[in-house]
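Each remark here refers to the structure printed beneath this line.
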Amino acid sequence: MRPVFADPKTDFVFKRIFGSEVHKPLLIELLNALLELEGEHRIVDLEYLSPAQHVPVEELKQSLVDVKCLDQRGRHYVVEMQVLKVEGFEKRVVYNTSKAYVTQLRAGEDYPGLDDVVGVTICDFLLWPGPPVQGDAPVPMLSRWRMQEQHGGTLGLSQVQYVFLELPKYRSGDDPQGTIDRWAYFFREAKKLGVVPPALSQAPYREALEVARLAGFSADELDLYDRAKIAEQDARGALSLAERLGVEKGMREGLEKGLRQGRDEGLREAVRVLCQAFEIEIDAQREAALTGMGAEELKELQALLLRERRWS
């Protein structure tokens, strides 16, 4: 029996809710909540900057929505939903946000014209499971990051900032407390719900659930959603299998070739499993390229396959 609501963490559904012009107020509400903006600082309008990210989509791609928000400061926001933690994820977030900052400057323009950029990432895994250094406070479910002078703690250089919502840190069960909890509850539980619960019965959460209601999907949209879920399951399975195969192969070949050679062969096997899951052909040329790759190159290729489902 098909669920009542689609999973909003899925690429296609996330873009359907937050990446389309018709539902723009939902993204405005989400950003105001995650950035904790109030009064005159609240975002009142936004402009989608990357038409290629609008739904409907022809192919399943990274859930990234690029917008320019009209507020008192004219900020630019890069909003991303990430389900699986992949190699180099944090670096990719920094890269995407920094790229959004530097690509604003066109020929003949001056630096004062650059808008601040905020990277907003919702992730369905733990980025910071515990205190990064003993004695430090644990990173909360909603965390905000910017540069700080290391001696006195003065905040500065705010042109590029980061916001993370780590969904596994949600602890309020079926009784979310406050705006942030309700958004986290929406992302975590929507696919399991049979009706709109009291906690999500008010705007904007109810409207977001209605956009995710599967009864409102066309046949093509249902097909895209099913493909997205299958791709996600394949990626999870491929990661689990690749890890196990890598360990087993590394242990077997470690006796003969040494731990390093065994580890590299395990990484190659992981790449082969991912290619099979994503229906990517490994011809003789690619097999030869795999043989010549070291550990770091293999890890980068794995990350590319998981992120974009293509070889290069």
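The sequence shown lines up with residues 236 to 547 when you count with my numbering.
Where is the CB? At the ideal position from N, CA and C, for every residue including glycine.
Computed from a predicted structure; not experimentally measured.
Taking all protein chains shown into account, do 16 or more other C-beta atoms lie within 10 angstroms of the C-beta of residue i, making it buried, or fewer, making it exposed?
i, result
"TYR226", "No information on residue 226 is available, as it lies outside the stretch 236 to 547 that the chain covers here."
"GLU504", "buried"
"ALA450", "exposed"
"ALA530", "exposed"
"ARG237", "exposed"
"GLY527", "exposed"
"ASP242", "buried"
"ILE465", "exposed"
"GLY501", "buried"
"LEU281", "buried"
"THR332", "buried"
"LEU390", "exposed"
"ARG544", "buried"
Less than 8 Å between the CB atoms is what I'm expecting for residue i and residue j, so what's the real figure, rounded?
i, j, result
"VAL302", "LEU284", "6 Å"
"VAL352", "TYR336", "4 Å"
"GLY354", "VAL313", "5 Å"
"ILE252", "LEU266", "About 13 Å separates the two Cβ atoms, so there is no contact after all."
"PHE421", "ALA454", "Not confirmed; about 26 Å, so no contact."
"PRO447", "ALA425", "Looking at the sequence provided, one finds Ala at residue 447 rather than Pro. Between ALA425 and ALA447 the Cβ distance is about 6 Å, and since that is below 8 Å, they are a contact."
"LEU459", "PHE249", "Wrong, their Cβ atoms sit about 12 Å apart, outside the cutoff."
"ALA434", "ASP410", "7 Å"
"SER393", "ARG381", "5 Å"
Quick one, which of the options has its alpha-carbon nearest residue i's?
i, options, result
"GLN317", "LEU541, SER547 and TRP546", "LEU541"
"ILE415", "GLU532, ILE357, THR526 and TRP363", "ILE357"
"LEU349", "PHE253, LEU502, HIS311 and ALA241", "HIS311"
"LEU499", "SER378, GLU532, GLY451 and ARG544", "Sequence check: residue 499 is Asp here, not Leu. For ASP499, the nearest C-alpha among the options comes from GLU532."
"LEU269", "ALA425, PHE513, PHE324 and ALA419", "ALA419"
"ASP359", "THR245, VAL239 and LEU390", "THR245"
"GLN339", "VAL395, VAL355, LYS427 and PHE452", "VAL395"
"GLY323", "VAL446, SER453 and LYS534", "LYS534"
"PHE240", "GLU516, VAL431, TRP380 and GLN537", "VAL431"
"GLY413", "LEU457, GLU271, PHE249 and GLY387", "GLU271"
"GLU516", "ALA538, LEU502, SER547 and GLY501", "SER547"
"GLU514", "ALA524, ALA470, HIS386 and LEU525", "ALA470"
"MET376", "SER393, GLY387, GLY408 and PHE399", "PHE399"
"LEU539", "GLU275, ILE263 and LEU319", "LEU319"
"LYS326", "TYR397, LYS259, GLU273 and SER393", "TYR397"
Counting pairs of Cβ atoms below 8 Å between the segment 508-518 and the segment 437-446, do you hit three or more?
no
Counting only runs that start and end within the segment 320-375, where is the beta strand (DSSP E) found for 3 or more residues in a row?
352-358
Any contact between the segment 359-366 and the segment 396-406? By contact I mean 3 or more CB pairs, one from each, below 8 Å.
yes
For the segment 498-536, which segments carrying the alpha helix (DSSP H) assignment without a break, of at least 4 residues, lie completely within its bounds, in sequence order?
519-527
In chain order, what are the residue ranges of uninterrupted alpha helix (DSSP H) at least 4 long that sit wholly in the segment 395-482?
413-424 and 440-446
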